[in-house]
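For reference, the structure discussed in these notes is given below.
There are 2 protein chains.
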Amino acid sequence: MKNEGSPMSKSKQPTIIDVASAAGVSIATVSNVINRRKVPMAPETIRKVEEAVVTLGYRRNVMATNLSRRRSYELGLIIPHFGGYYGRFAEKLEQRVHHFGYHLSVFSAAGMDPEIEQRHLEHLLQRRVDGLVSHGLAMSMQSTQQLVGEGTPLVIFNGWGWPSEIVKLAVNLDFAKASSQAVQHFLANGCRSVVYAGRRMGMGANEQRIQGFETGLAEHGEPVVHALLDAGELGVVGTLDEALRLSGDLRPIGIYTFNDALSLELLAVCHERGIRVPEDVQLIGMDNEFFARASFPSITSFEMPVDLQTSLVAAFLMREIGEELDEENTQLLEMYLPHVAGHELFIDLEMIERKSTGN
Amino acid sequence: MKNEGSPMSKSKQPTIIDVASAAGVSIATVSNVINRRKVPMAPETIRKVEEAVVTLGYRRNVMATNLSRRRSYELGLIIPHFGGYYGRFAEKLEQRVHHFGYHLSVFSAAGMDPEIEQRHLEHLLQRRVDGLVSHGLAMSMQSTQQLVGEGTPLVIFNGWGWPSEIVKLAVNLDFAKASSQAVQHFLANGCRSVVYAGRRMGMGANEQRIQGFETGLAEHGEPVVHALLDAGELGVVGTLDEALRLSGDLRPIGIYTFNDALSLELLAVCHERGIRVPEDVQLIGMDNEFFARASFPSITSFEMPVDLQTSLVAAFLMREIGEELDEENTQLLEMYLPHVAGHELFIDLEMIERKSTGN
DNA sequence: CTGTTAGCGCATTCAC
DNA sequence: GTGAATGCGCTAACAG
Numbered sequence: 001m002k003n004e005g006s007p008m009s010k011s012k013q014p015t016i017i018d019v020a021s022a023a024g025v026s027i028a029t030v031s032n033v034i035n036r037r038k039v040p041m042a043p044e045t046i047r048k049v050e051e052a053v054v055t056l057g058y059r060r061n062v063m064a065t066n067l068s069r070r071r072s073y074e075l076g077l078i079i080p081h082f083g084g085y086y087g088r089f090a091e092k093l094e095q096r097v098h099h100f101g102y103h104l105s106v107f108s109a110a111g112m113d114p115e116i117e118q119r120h121l122e123h124l125l126q127r128r129v130d131g132l133v134s135h136g137l138a139m140s141m142q143s144t145q146q147l148v149g150e151g152t153p154l155v156i157f158n159g160w161g162w163p164s165e166i167v168k169l170a171v172n173l174d175f176a177k178a179s180s181q182a183v184q185h186f187l188a189n190g191c192r193s194v195v196y197a198g199r200r201m202g203m204g205a206n207e208q209r210i211q212g213f214e215t216g217l218a219e220h221g222e223p224v225v226h227a228l229l230d231a232g233e234l235g236v237v238g239t240l241d242e243a244l245r246l247s248g249d250l251r252p253i254g255i256y257t258f259n260d261a262l263s264l265e266l267l268a269v270c271h272e273r274g275i276r277v278p279e280d281v282q283l284i285g286m287d288n289e290f291f292a293r294a295s296f297p298s299i300t301s302f303e304m305p306v307d308l309q310t311s312l313v314a315a316f317l318m319r320e321i322g323e324e325l326d327e328e329n330t331q332l333l334e335m336y337l338p339h340v341a342g343h344e345l346f347i348d349l350e351m352i353e354r355k356s357t358g359n
Numbered sequence: 001m002k003n004e005g006s007p008m009s010k011s012k013q014p015t016i017i018d019v020a021s022a023a024g025v026s027i028a029t030v031s032n033v034i035n036r037r038k039v040p041m042a043p044e045t046i047r048k049v050e051e052a053v054v055t056l057g058y059r060r061n062v063m064a065t066n067l068s069r070r071r072s073y074e075l076g077l078i079i080p081h082f083g084g085y086y087g088r089f090a091e092k093l094e095q096r097v098h099h100f101g102y103h104l105s106v107f108s109a110a111g112m113d114p115e116i117e118q119r120h121l122e123h124l125l126q127r128r129v130d131g132l133v134s135h136g137l138a139m140s141m142q143s144t145q146q147l148v149g150e151g152t153p154l155v156i157f158n159g160w161g162w163p164s165e166i167v168k169l170a171v172n173l174d175f176a177k178a179s180s181q182a183v184q185h186f187l188a189n190g191c192r193s194v195v196y197a198g199r200r201m202g203m204g205a206n207e208q209r210i211q212g213f214e215t216g217l218a219e220h221g222e223p224v225v226h227a228l229l230d231a232g233e234l235g236v237v238g239t240l241d242e243a244l245r246l247s248g249d250l251r252p253i254g255i256y257t258f259n260d261a262l263s264l265e266l267l268a269v270c271h272e273r274g275i276r277v278p279e280d281v282q283l284i285g286m287d288n289e290f291f292a293r294a295s296f297p298s299i300t301s302f303e304m305p306v307d308l309q310t311s312l313v314a315a316f317l318m319r320e321i322g323e324e325l326d327e328e329n330t331q332l333l334e335m336y337l338p339h340v341a342g343h344e345l346f347i348d349l350e351m352i353e354r355k356s357t358g359n
């Protein structure tokens, strides 16, 4: 066919065809220099192409690239929201996968909304991402299975009870162990009554905390006054009231909360009531947020090992995709994978002792 | 055990050709029903296609779709980090543009790192997003211009001094006015000395606060002991020390901080030193973060009008892209656009009075 | 109403 | 070393 010199004025964004004709070479050559292929090329050719790229302001079209490569070099991440731990997780994971030449698209499910979550998942899949990472999803497992199918490897973090047909690996923080540790810290500190103040009863992360809370009590041996409270239901004030009521005049009371935010709110109520922390009430939170350190008194909390968690997620996913791992990442997987119970891997949390428990 | 290329199994993902042959129709027909086109079609045909789609587990390939459409129906957002205000902004904007049938890809620049920022921008452009939204970027204007060029409309939020050749519109929060208001609130509350404690001196958002701070002082008429401090340089403790030193025994001292986080940190130091808030020191923050409400005493702050800001950004960008606006959005633009000074639009912040200023 | 065909921008064999 | 040719999966006229 007679394909006259395609008018560059046609579409404003230049293509490799424009670059090729500007440099006086073929599009294959342009592709080769752009992708820094190992094929031998004349230095002069390279120079001409690079010059044309700059002067034309050429920018490759990744849609075309991916379509042709049948691979996107993109990963998707779904988190409940951008704040706190999840935001830090996203940022760190982005860095990690970039190291392997992948991009990470992050989507927030706007507070565990299953519909939004599903929409994002679907979109990521339509974009043919090479791999998926998600928090323990709110949506039903069945719909997820159908969504993900066999095509795209899915790694979960902080999700419990997912069948291995759906999820390749779950990289979980060991909230149960941490919770047990919290209880024992209270008891070692002289608390004569301990309370767990949770949120969203029924969610996996909450269940893990409850389980650990009870383990901690059991290991103590002697019976202790204790309770499980739902701050979502009772409200912050109601939770404190209930804790006080249940404890009678046993002091101090140890209150272990679902997260730092709840601890901070309880702390504010204690201040208002003239309840002393840590003399009357001791607090332990979770997440080690900025304000746990900056509050008065500062709040004992658990540091989230985002570095390790994202490292494991990234390394495993990369291997799953067929990417070559360096020595460090290989060792990392060898070190942790054997410890996997089923396909769930557990990472320890570190307690940061602060004033709210008298330290 | 050599891993078989999981990504290769994706080649088994069905295409419209598979669907077409399974349903016994042509690919054009499949395309028509998938996209719910207005062309008349036999109900039976639709049913057959939809059935084939389900049984085959067909999922459209958006890369191919976009390539063909020469349009991505995607927007990009770049923010310095996922936390707090920026995270809320991202979530809200995502909702807004979804309403118009667009997806929003959010990227965090990991704390104003110009290199990462530029990388994300470049990637978004390579993906041929239809529009871009960014905070006042850390990178140089020149490189941005080259990056964005004439192709993709760019809307900035909270960025000052960007030439209109680069930026179509800047939707800014009026930090200057808010800062002026903060100072006047201190003075009306009896503060005999006022201090601005900033961070990252030199950044636009900080400059705006300083400007407003000085305006507020000027409008007061009578001279007041005051100072501009850089908490990034002095540290939190150093900042408080300096404020106390400069104020002699003038009390109370009003300290207006760059954000709530800094207020909270100052509050903690006050507690340690036995300095009373608000009797000796009054505090006003910015962002109205969760902990501003939950701290003790609670901290007066400015609420960020994320709803309005994202509405304006979305409406303007949609119109710029050539999308049809509904009545509501049209009115919104008509209401605010005339007030634009140059191409910078200002939105008022609302002060939330709390205990840290004696309310 | 439904099928045919020509791109979209790029990667990737193979010949030259 | 370099360049035509083919295909990736889908959309969009244009025929029939």
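Protein chains in written order, with UniProt numbering: chain A, 1 to 359; chain B, 1 to 359. Built from N, CA and C at the ideal position, the CB exists for glycine as well. Small disclaimer: the values here were computed from a predicted structure and weren't measured.
Quick check: what's the CA-CA separation for Met63 (chain A) versus Glu91 (chain A)?
Taking the first sequence and counting its residues from 1, the one referred to as residue 63 (chain A) is at position 63. Taking the first sequence and counting its residues from 1, the one referred to as residue 91 (chain A) is at position 91. Between Met63 (chain A) and Glu91 (chain A), the C-alpha separation is close to 24 Å.
Does any CB atom of chain B fall closer than 8 Å to the CB of Glu117 (chain A)?
Counted from its first residue, the first sequence places residue 117 (chain A) at position 117. Glu117 (chain A) does not count as touching chain B.
What residues of chain B sit near His123 (chain A), judged by a beta carbon separation below 7 Å?
Taking the first residue of the first sequence as 1, we reach residue 123 (chain A) at position 123. Within chain B, the residues near His123 (chain A) are His103.
What residues are listed by DSSP as bridge partners for His135 (chain A)?
Sequence index remark: in the first sequence, residue 135 (chain A) carries index 135 (1-based). Paired residue(s): A:Phe157.
For Asp287 (chain A), which residues does DSSP report across the bridge?
Looking up residue 287 (chain A) in the first sequence gives position 287. A:Glu303, per the DSSP bridge assignment.
When you compare the segment 254 to 271 of chain B with the segment 280 to 300 of chain A, are there three or more beta-carbon pairs, one atom per stretch, that lie closer than 8 Å?
yes
Using only alpha-carbon positions, find the residue among B:Asn206, B:Arg128 and B:Ala314 that is nearest to Arg96 (chain B).
Within the second sequence, the letter at position 96 stands for residue 96 (chain B). Looking at the Cα atoms, B:Ala314 is the closest of the given residues.
Would you tell me roughly how many angstroms separate the C-alpha atoms of Arg192 (chain A) and Pro252 (chain A), rounded to the nearest one?
Along the first sequence, one-based indexing puts residue 192 (chain A) at 192. Along the first sequence, one-based indexing puts residue 252 (chain A) at 252. If I take the Cα positions, the gap works out to 6 Å.
Helix, strand or coil for Ser11 (chain A), going by three-state DSSP, please let me know.
Counted from its first residue, the first sequence places residue 11 (chain A) at position 11. Note that Ser11 (chain A) has pLDDT 47, beneath the 50 cutoff, so the model's placement of it is unreliable and no number is given.
What residues of chain B sit near Ser108 (chain A), judged by a beta carbon separation below 9 Å?
Your numbering for residue 108 (chain A) matches position 108 in the first sequence. Under the 9 Å cutoff, chain B gives Phe82, Gly87, Ala90, Glu91, Glu94 and Val106.
Can you name the residues of chain B whose CB is closer than 9 Å to the CB of Leu267 (chain A)?
For the purposes of this step, residue 267 (chain A) is taken as residue 267 along the first sequence, with counting starting at 1. The contacting residues are Ala294, Ser295 and Phe296.
Which residues of chain B have a Cβ atom closer than 7 Å to the Cβ of Ala261 (chain A), listed in chain order?
Position 261 of the first sequence, counting from 1, holds the residue named residue 261 (chain A). Going along chain B in sequence order, the residues near Ala261 (chain A) (Cβ under 7 Å) are Phe290.
What residues from chain A crowd round Asn66 (chain B), counting only those whose CB sits closer than 7 Å?
For the purposes of this step, residue 66 (chain B) is taken as the residue at position 66 of the second sequence. Correct list: Met63.
Within 10 Å of its beta-carbon, does Val281 (chain B) have 16 or more other beta-carbons around it, so buried, or fewer, so exposed?
Here residue 281 (chain B) is taken as the residue at index 281 of the second sequence, counted from 1. Buried is the call here.
Should the segment 207 to 219 of chain B be regarded as contacting the segment 178 to 186 of chain B, the criterion being three or more beta carbon pairs within less than 8 Å?
yes
Cβ of Arg354 (chain A) less than 8 Å from any chain B Cβ?
The count along the first sequence starts at 1 and reaches residue 354 (chain A) at position 354. No, its Cβ sits nowhere closer than 8 Å to a Cβ of chain B.
If you count every other CB in all the chains shown that lies within 10 Å of the CB of Arg128 (chain B), and 16 or more means buried, which is it?
Reading the second sequence from its first residue, position 128 is the one you call residue 128 (chain B). In summary, Arg128 (chain B) is buried, with 16 or more beta-carbon neighbours lying within 10 Å of its beta-carbon over all protein chains present.
On a Cα-Cα basis, can you pick out the residue from A:Val171, A:Gly285 and A:Leu250 that is closest to Leu266 (chain A)?
Along the first sequence, one-based indexing puts residue 266 (chain A) at 266. When each option's Cα is compared against that of Leu266 (chain A), the closest is A:Gly285.
Report buried or exposed for Asn61 (chain B), applying the criterion of at least 16 other Cβ atoms within 10 angstroms of its Cβ.
Locating residue 61 (chain B) in the second sequence gives position 61, counting from the first residue. Around the beta carbon of Asn61 (chain B), 16 or more other beta carbons lie within 10 angstroms, which makes this residue buried.
Once DSSP output is grouped into helix, strand and coil, what is the label at Asn206 (chain A)?
Taking the first sequence and counting its residues from 1, one reaches residue 206 (chain A) at position 206. DSSP places Asn206 (chain A) in helix when its eight states are reduced to three.
Could you tell me the distance, in whole angstroms, from the CA atom of Ser143 (chain A) to the CA atom of Val167 (chain A)?
If you number the first sequence from 1, residue 143 (chain A) lands on position 143. If you number the first sequence from 1, residue 167 (chain A) lands on position 167. Taking the straight line joining both Cα atoms gives about 13 Å.
Lys2 (chain B) by DSSP, collapsed to three states: which one?
Translated into the one-based positions of the second sequence, residue 2 (chain B) becomes position 2. Confidence at Lys2 (chain B) is low in this model, with a pLDDT of 30, below 50, so its placement is unreliable and the value that follows should be read with caution. Coil at Lys2 (chain B), not helix or strand.
Are there 16 or more other CB atoms within 10 angstroms of the CB of Gln208 (chain A), so buried, or fewer, so exposed?
Numbered from 1 along the first sequence, position 208 holds the residue referred to as residue 208 (chain A). Of the other Cβ atoms in all chains shown, 16 or more fall within 10 Å of the Cβ of Gln208 (chain A); this residue is therefore buried.
Identify every residue that forms a DSSP beta bridge with His103 (chain B).
If you number the second sequence from 1, residue 103 (chain B) lands on position 103. Beta-bridge pairing links His103 (chain B) to B:Glu74.
Taking its Cβ as the centre, do 16 or more other Cβ atoms sit within 10 Å of Arg36 (chain B), making it buried, or is it exposed?
In the second sequence, residue 36 (chain B) corresponds to position 36, counting from 1. Arg36 (chain B) should be labelled exposed.
If the cut is a Cβ gap below 8 Å, which residues of chain A does Gly57 (chain B) touch?
Along the second sequence, read from residue 1 onward, the residue named residue 57 (chain B) stands at position 57. The contacting residues are Gln146 and Gly149.
Is the beta carbon of Leu345 (chain B) sitting closer than 8 Å to the one on Leu308 (chain B)?
Along the second sequence, one-based indexing puts residue 345 (chain B) at 345. Along the second sequence, one-based indexing puts residue 308 (chain B) at 308. Not closer than 8 Å, so no.
Report the rounded CA-to-CA distance for Tyr58 (chain A) versus Leu137 (chain A), giving the unit in angstroms.
For the purposes of this step, residue 58 (chain A) is taken as residue 58 along the first sequence, with counting starting at 1. For the purposes of this step, residue 137 (chain A) is taken as residue 137 along the first sequence, with counting starting at 1. Tyr58 (chain A) and Leu137 (chain A): Cα-Cα distance of roughly 40 Å.
Can you check whether the CB of Asp130 (chain A) is closer than 8 Å to the CB of Tyr196 (chain A)?
Stepping through the first sequence from its first residue, residue 196 (chain A) is reached at position 196. Stepping through the first sequence from its first residue, residue 130 (chain A) is reached at position 130. No; because the gap between Cβ atoms is not below 8 Å, this pair is not in contact.
In whole angstroms, what separates the C-alpha of Val155 (chain A) from that of Tyr336 (chain A)?
What you label residue 155 (chain A) is simply residue 155 of the first sequence in a count that begins at 1. What you label residue 336 (chain A) is simply residue 336 of the first sequence in a count that begins at 1. Going by the C-alpha atoms only, they are around 15 Å apart.
Taking the alpha helix (DSSP H) that His81 (chain B) falls in, what are its first and last residues?
As a working note, residue 81 (chain B) is residue 81 in the second sequence. Neither: His81 (chain B) is in no alpha helix (DSSP H) and is coded neither H nor E.
Arg128 (chain B) CB to nearest chain A CB: under 8 Å?
By one-based count along the second sequence, residue 128 (chain B) stands at place 128. So, interface residue.
Using beta-carbon positions only, say whether His135 (chain B) and Ile46 (chain B) come within less than 8 Å of one another.
Here residue 135 (chain B) refers to the residue found at position 135 when the second sequence is read from its first residue. Here residue 46 (chain B) refers to the residue found at position 46 when the second sequence is read from its first residue. No; because the gap between Cβ atoms is not below 8 Å, this pair is not in contact.
Does the Cβ of Asp249 (chain A) have 16 or more other Cβ atoms within 10 Å, making it buried, or fewer, making it exposed?
As a first step, residue 249 (chain A) is located in the first sequence; it is residue number 249 there, counting from the start. With fewer than 16 Cβ atoms within 10 Å of its Cβ, Asp249 (chain A) is classed as exposed.
With 8 Å set as the bound, which would you pick, yes or no: does the beta-carbon of Gln273 (chain B) sit closer than that to a beta-carbon of chain A?
Here residue 273 (chain B) corresponds to residue number 273 of the second sequence, with the count starting at 1. Residue identity differs from the one stated: residue 273 (chain B) is Arg in this sequence, not Gln. No, Arg273 (chain B) does not count as interfacial toward chain A.
For Pro223 (chain A), which of A:Met141, A:Gln184 and A:Leu234 has the nearest alpha-carbon?
As a first step, residue 223 (chain A) is located in the first sequence; it is residue number 223 there, counting from the start. For Pro223 (chain A), the nearest C-alpha among the options comes from A:Gln184.
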